[in-house]
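For reference, each letter of the sequence shown is one residue, going 40 to 708 in this note's numbering. Idealized CB from N, CA, C, for every residue including glycine. Keep in mind that this is a model prediction, so the values were computed, not measured.
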Amino acid sequence: MSELLEKYQYWIRIHLAVEIFIKRGLLRFLHNEGKDPSYNGLTSDPPKLFHEMNLLKTKKSLQKVVKKDQWDKLCPKNKLSSSENWDITLICIVILNTSSLPKPKGGWKKTLPEESDMSRGAAVLRSRQLRNEINHGSLKDLSTEEQFLDKWQTISDILHILLDGEDFTRFQAFKTEDLTGFSVKAFKMINNRINEEKQTSENRKHLQERLKELNEIRELVNEWKSHSFVQVNSYKNQLTDGSSLLNTNLTDIQAAYYTVRCSVAMENFTKWPIMLQRCQVKHGFFNAPPRDIHPGMREGFAFHKSYLATFGCWIACSYVINDKYFHLSIYQPYTINNKYQNKLAMVINETHDVSAEQVLESHDKDNESQDKTTIRIQERDICIVGEMGNAYKAQCSIKIYPKEFANLTDLLQKQQVDNDTYHEFIKLKFSTKIKRKSAKTKKQDLNDGLLLTGLKVGSSMQSTSLRSLHLRSVDVSCSGCIENFTKWQLFKVRCDVMRGYVSCPFQDVATGSKEIFASHARQHFGNGTYVRVTYSIENNGYFIHLLYFLPSSFAVYSNMMAMMTSHKKDETTEDILKSCTNNHFYGEIEPLCLKSEAEGVCVVGLMGSAQKTNIYFTIYPLQFKHLAKHIKERMEKKKSKSRELYEGFIKSLSLNRYDTSSVAMQGCL
Numbered sequence: 040m041s042e043l044l045e046k047y048q049y050w051i052r053i054h055l056a057v058e059i060f061i062k063r064g065l066l067r068f069l070h071n072e073g074k075d076p077s078y079n080g081l082t083s084d085p086p087k088l089f090h091e092m093n094l095l096k097t098k099k100s101l102q103k104v105v106k107k108d109q110w111d112k113l114c115p116k117n118k119l120s121s122s123e124n125w126d127i128t129l130i131c132i133v134i135l136n137t138s139s140l141p142k143p144k145g146g147w148k149k150t151l152p153e154e155s156d157m158s159r160g161a162a163v164l165r166s167r168q169l170r171n172e173i174n175h176g177s178l179k180d181l182s183t184e185e186q187f188l189d190k191w192q193t194i195s196d197i198l199h200i201l202l203d204g205e206d207f208t209r210f211q212a213f214k215t216e217d218l219t220g221f222s223v224k225a226f227k228m229i230n231n232r233i234n235e236e237k238q239t240s241e242n243r244k245h246l247q248e249r250l251k252e253l254n255e256i257r258e259l260v261n262e263w264k265s266h267s268f269v270q271v272n273s274y275k276n277q278l279t280d281g282s283s284l285l286n287t288n289l290t291d292i293q294a295a296y297y298t299v300r301c302s303v304a305m306e307n308f309t310k311w312p313i314m315l316q317r318c319q320v321k322h323g324f325f326n327a328p329p330r331d332i333h334p335g336m337r338e339g340f341a342f343h344k345s346y347l348a349t350f351g352c353w354i355a356c357s358y359v360i361n362d363k364y365f366h367l368s369i370y371q372p373y374t375i376n377n378k379y380q381n382k383l384a385m386v387i388n389e390t391h392d393v394s395a396e397q398v399l400e401s402h403d404k405d406n407e408s409q410d411k412t413t414i415r416i417q418e419r420d421i422c423i424v425g426e427m428g429n430a431y432k433a434q435c436s437i438k439i440y441p442k443e444f445a446n447l448t449d450l451l452q453k454q455q456v457d458n459d460t461y462h463e464f465i466k467l468k469f470s471t472k473i474k475r476k477s478a479k480t481k482k483q484d485l486n487d488g489l490l491l492t493g494l495k496v497g498s499s500m501q502s503t504s505l506r507s508l509h510l511r512s513v514d515v516s517c518s519g520c521i522e523n524f525t526k527w528q529l530f531k532v533r534c535d536v537m538r539g540y541v542s543c544p545f546q547d548v549a550t551g552s553k554e555i556f557a558s559h560a561r562q563h564f565g566n567g568t569y570v571r572v573t574y575s576i577e578n579n580g581y582f583i584h585l586l587y588f589l590p591s592s593f594a595v596y597s598n599m600m601a602m603m604t605s606h607k608k609d610e611t612t613e614d615i616l617k618s619c620t621n622n623h624f625y626g627e628i629e630p631l632c633l634k635s636e637a638e639g640v641c642v643v644g645l646m647g648s649a650q651k652t653n654i655y656f657t658i659y660p661l662q663f664k665h666l667a668k669h670i671k672e673r674m675e676k677k678k679s680k681s682r683e684l685y686e687g688f689i690k691s692l693s694l695n696r697y698d699t700s701s702v703a704m705q706g707c708l
C-alpha cells in the first residue's frame, strides 16, 4: 500500500484536495456561511432544507438532469436533507438552480467563465470543470511534480475566493501533509481508478478491432464500386456543369426567402441536344429559368411560390429530344399532408403543345402504379429517370439516357464500360417497371371469364365491409377476407397475435362462403401488426397456415405475407416462411401474391402494399367436382364447358410460379 501511495501521491493529493476543500468551499457559498449581506444562501437546517429541495423537484428543467439516486440524496425518505451527503456534482446542480445565489458574468449556462471574472459564481463553474477533469482524466495526467504544481495552483486560485482564512490555511498545510491517515481511502480510490482505466483500455482495443473490420468492409465496398457496371450508374460525375450550375449547386440556386421552392437538375447522357420549346407557369415564378441541355452536360433551374400565395407552385416544360417531345410537370403544394404531396410527371410523345394538366393526366394514365416522386419512362430509344424529394424545399433530379450504347455522348463512350454492360444497366434500370394493380382488382382478374362468384356472406360480413374495418385513429391497419370455394368447411384452429390487436376476429368459414377479419397496430407504438392464423380443412387432414406482417409507418420494410399447407397443426413461423421460398407460389412484387397447394386444394393470397391495406386469402379446389355445390351449379348454368374452363384456370395458377423469395423474407430480416 505504501508503494501505491508513493507512486500516485500527486494524483491522490489533488483528488483529496478537490473532494475535501473544493466541496467545503462550495457548501460555504451555498449556505452563505460568510454572512455576505448581498445574497441569501440556503438554510442548513435539515427539515427546512428538505422543504427547499422538494420545491426544487418541481422544476421541469431538472427532470432529465437529476437521476433517481441523486433525488434520493436531495430528498431522503426521512425528510431530513443534509448537504454533507452531497457530492460536488450535486452541490453544483443545486447552486445553478437556486435563484437567490449570485451568478457569474454571462449566467450559469456558460461552461467556463471569463478569465477576468473572479466572482464566487465563476469559482463554482471552475470547480465543476476541475472536478470533471480530475475524475475523468488518467492517472498519468498527474504523474510529475510539474503537473501537480500546476493543478494545485488552479485549486488555490478557486479556494482564495470560496474559503476563509482558517480553512484556506488548512488547505495549504495539506500540500505537504502525511498521507498515511488517508491510506485506506487512497487505496480504494487508486484501485477503482486502475480498474476503470483497464476497462477503458479493453473497450478501446475492442473499438480498434471493430474499426479494422469496418475498414476492411469499406475496402470491399470501394472495390465493388470500381466495377464497370457501377461506373455506369455514376456517369453523372463525368458530366460537365452547364452555365446554370457553374460554380454553384442545386441548393444555392433556390430562392432562400420562400418556404415552398424547388430546384431541378437535368442530366443529358445522350448524344442529342435537349432543346427547350416552351414553359408554362401555373402557380409561382422561375427564379432560375430552364435552358437547353447539350450532350454530356448538366443544367439546372429553380422556381418558387408566389409572394403571400397559399397554393404552392406548379410548372410545366416541354423539350425536344431526337425529334420527340419530352413534357415535364412538377407540382408542389403549399401544405404537404396525406392528401397533397409533391408530384412529378413526365411524358414522351409526338405532340408539341401539351398543358400541365394534360401532362399529369397522361402520366397518371400510363404510369398509374408508379410512385409520383420516382418515375421511370421508356419510349423507343430514350429512357428517363425522374426523382423528387418530399420536402417543402425539394430537389428534383432528371436523367436522360439513350437506350443504345451507340447513342451515348462521345465522352461517356470512352469510359471503361462496354456495350454489353451498358445494355445490362438499361435492362435492370428500366425493365423492372411493374404494372401494379390493387389487390382487389388483381383478384377479380383471376376470376374473369369463369363466373367464380356467388359466395355466401358469412356472419362477420353482415352490414359491414372491408373498408369500414380500418380504424382512422391508427396509421397501420389491415382488413381481409377469407373466401372458401370448396365443398369443405374451414375450422379455425389457432390465432396468434404477435404485434398489434385483432379488431375483427377470424371465424370458421363455411363451404362456399366468405368471412372477414381485421387487425391494426397499437396506438403510439411503432411496431405495426403481425398476425398468424391456422385453419383445418374438413375431412382432408391438411392445415392451412396464414401469416401477414404490416410494419410501422416509418420502417424500411415492406408489407409481408406468407402461407403454407401441411399435415402438421403446429408449424413454426420459420417453416412457414421457408415454405414460401421453396414451394409452389406465384405473383408479382406489389401487390404481393403467393400460392400454395395441398392435397385437393389451392390457396391463393393477395396483399396490397399500403399502410392501410386489404388481404384476400382464397381457397380453390383442384378439381371441379370439389367446388361448393351452389357455385358449381351457377357455373354450369351460365357457362358451357365449365369443367374444362375451371381446370384450365387451375392449371394456369400452377404454371405461374415466380421467384419472389427475397420479397417473402424481406419483412423478417
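- Task: Give the straight-line distance between the Cα atoms of H623 and E672, rounded to the nearest whole angstrom.
- Result: Residue placement at H623 is poorly supported in this model, since its pLDDT is 39, which falls under 50; the coordinates still yield a value, given next. Going by the C-alpha atoms only, they are around 30 Å apart.
Notebook entry, point to check: Contact between the stretch 342 to 356 and the stretch 456 to 467: three or more CB pairs below 8 Å?
Noted result: Short answer: they don't touch.
task = Only counting runs of 3 or more residues, tell me where the beta strand (DSSP E) segments fall wholly within the stretch 281 to 342, in order along the chain.
result = Counting only runs of 3 or more, we get 300 to 307, 313 to 322, 324 to 327.
(Q) Can you give me the C-alpha to C-alpha distance between G567 and G539, rounded to a whole angstrom? (A) The straight-line gap from Cα to Cα measures roughly 6 Å.
Practice task
Take the Cβ of F68 as the centre, count every other Cβ of all protein chains shown within 10 Å, and call the residue buried at 16 or more, exposed below.
Solution key: In this structure F68 is buried. Its beta-carbon is surrounded by 16 or more other beta-carbon atoms within 10 angstroms.
Problem set entry | Distance between T390 and A445 (C-alpha atoms, nearest Å) | Going from the Cα of A445 to the Cα of T390 covers about 26 Å.
Quiz item: Since C301 and C131 are thought to touch, with beta carbons under 8 Å apart, how far apart are those beta carbons, to the nearest angstrom?
Solution: Actually they are not in contact, since the Cβ atoms of C301 and C131 sit about 50 Å apart, beyond 8 Å.
| When the Cα atoms are used, what is the spatial distance from G580 to Y655? | Roughly 23 Å separates the two Cα atoms.
Helix, strand or coil at V133 [DSSP, three-state] | In this structure, V133 counts as helix in the three-state DSSP scheme.
**Message:** Going by DSSP in three states, M157 sits in which element: helix, strand or coil?
**Reply:** Assigned with DSSP and collapsed to three states, M157 falls in coil, not helix or strand.
Identify, in the order they occur along the chain, each residue of the same chain with its Cβ nearer than 6 Å to the Cβ of I615, setting aside the five sequence neighbours on each side. Closer than 6 Å at the Cβ level, and outside the excluded window around I615, lie H584, L586, A601, M603.
Exercise. Following the continuous beta strand (DSSP E) through H584, name the residue where it begins and the one where it ends.
Key: Looking at the DSSP string, the run of the beta strand (DSSP E) that includes H584 is 582 to 589.
**OP:** Look at H669 and T525 and say whether their C-beta atoms are less than 7 Å apart.
**Re:** Not closer than 7 Å, so no.
Query raised in the report: Would L169 be called buried (16 or more neighbouring beta carbons within 10 Å of its own) or exposed?
Result: Answer is buried; the Cβ neighbour count reaches 16.
For this session: Give the secondary structure of V548 by DSSP, where H, G and I count as helix, E and B as strand, and everything else as coil.
Result: Reduced to three states, the DSSP call for V548 is strand.
- prompt: When you compare each of I369, M314, R337, Y373 to L347 by their alpha carbons, which one comes out closest?
  reply: With respect to the C-alpha of L347, the residue from I369, M314, R337, Y373 having the closest C-alpha is Y373.
Span separating the alpha-carbon of S100 from that of E72: S100 and E72: Cα-Cα distance of roughly 28 Å.
Nearest-angstrom Cα separation, counted from S597 out to Q705: Because Q705 carries a pLDDT of 29, less than 50, the predicted location of this residue cannot be relied on, and the following value inherits that uncertainty. When the Cα atoms are used, Q705 and S597 turn out to be separated by approximately 7 Å.
With burial defined as no fewer than 16 other Cβ atoms inside 10 Å of the residue's Cβ, what is the status of V303: buried or exposed? Result: buried.
Would the beta-carbon of P334 fall within 7 Å of that of K363?
When the beta-carbon positions are compared, P334 and K363 stay at least 7 Å from each other.
With a threshold of 6 Å on Cβ separation, who are the neighbours of I369 within its own chain once the five nearest residues in sequence on each side are excluded? Within the same chain, and ignoring the five residues on either side of I369 in sequence, the residues whose Cβ sits closer than 6 Å to its Cβ are I354, L383.
- request: Between the Cα of H559 and those of E522, V570, K553, A549, spot the shortest distance and give me the residue it belongs to.
  value: If we check each option's Cα against that of H559, V570 comes out closest.
* To do: Using the Cα positions of S121 and T215, report the straight-line distance between them to the nearest angstrom.
  => Taking the Cα positions, S121 is about 31 Å away from T215.
Distance check for L181 and Y47, CA to CA, integer angstroms please.
Here the alpha carbons of L181 and Y47 stand approximately 8 Å from one another.
**Request:** Would you tell me roughly how many angstroms separate the C-alpha atoms of M599 and M92, rounded to the nearest one?
**Result:** When rounded, the distance between both Cα atoms is 54 Å.
Express the C-alpha separation of A294 and A649 in angstroms, rounding to a whole number. Approximately 35 Å between the Cα atoms of the pair.
- Task: Helix, strand or coil for W191, going by three-state DSSP, please let me know.
- Result: If DSSP states are grouped into helix, strand and coil, W191 belongs with the helices.
With the cut-off set at 7 Å, would you say K344 and Y379 are in Cβ contact? No, the pair does not count as a contact, with Cβ atoms beyond the cut-off.
message: Short of 8 Å in beta carbon distance, which residues of its chain neighbour F663, apart from the five on each side in sequence? Order them along the chain.
response: Cβ neighbours of F663 beyond the five flanking positions: K671, S681, R682, Y685, E686.
Exercise. Pull up the distance between the alpha-carbon of G64 and that of K244, whole angstroms please.
Key: Their Cα atoms are separated by approximately 40 Å.
Quiz item: Going by other Cβ atoms of all chains shown within 10 Å of its Cβ, with 16 needed for buried, is F588 buried or exposed?
Solution: By the 10 Å Cβ count, F588 comes out buried.
- Query: Should E338 be labelled buried (16 or more other beta-carbon atoms within 10 Å of its own) or exposed?
  - Reply: Counting Cβ neighbours within 10 Å, E338 comes out buried, since at least 16 surround it.
Give the secondary structure of Y440 by DSSP, where H, G and I count as helix, E and B as strand, and everything else as coil. DSSP places Y440 in strand when its eight states are reduced to three.
Q.
Quick check on the DSSP output: the alpha helix (DSSP H) that includes R209 runs from which residue to which?
A. It spans 204 to 213 - the alpha helix (DSSP H) in which R209 sits, taken as one unbroken run.
Please go through the same chain and pick out, in chain order, the residues whose beta-carbon is closer than 6 Å to the beta-carbon of M83, but skip the five residues on each side of it.
Looking at the sequence itself, residue 83 is Ser, so the reference to Met does not match. The beta carbon of S83 sits closer than 6 Å to the beta carbons of H70 from its chain, once the five residues preceding and following it are set aside; these are given in chain order.
- Query: By the 10 Å Cβ neighbour count, where 16 or more other Cβ atoms means buried, how is T97 classified, buried or exposed?
  - Reply: Exposed, by the Cβ-count rule.
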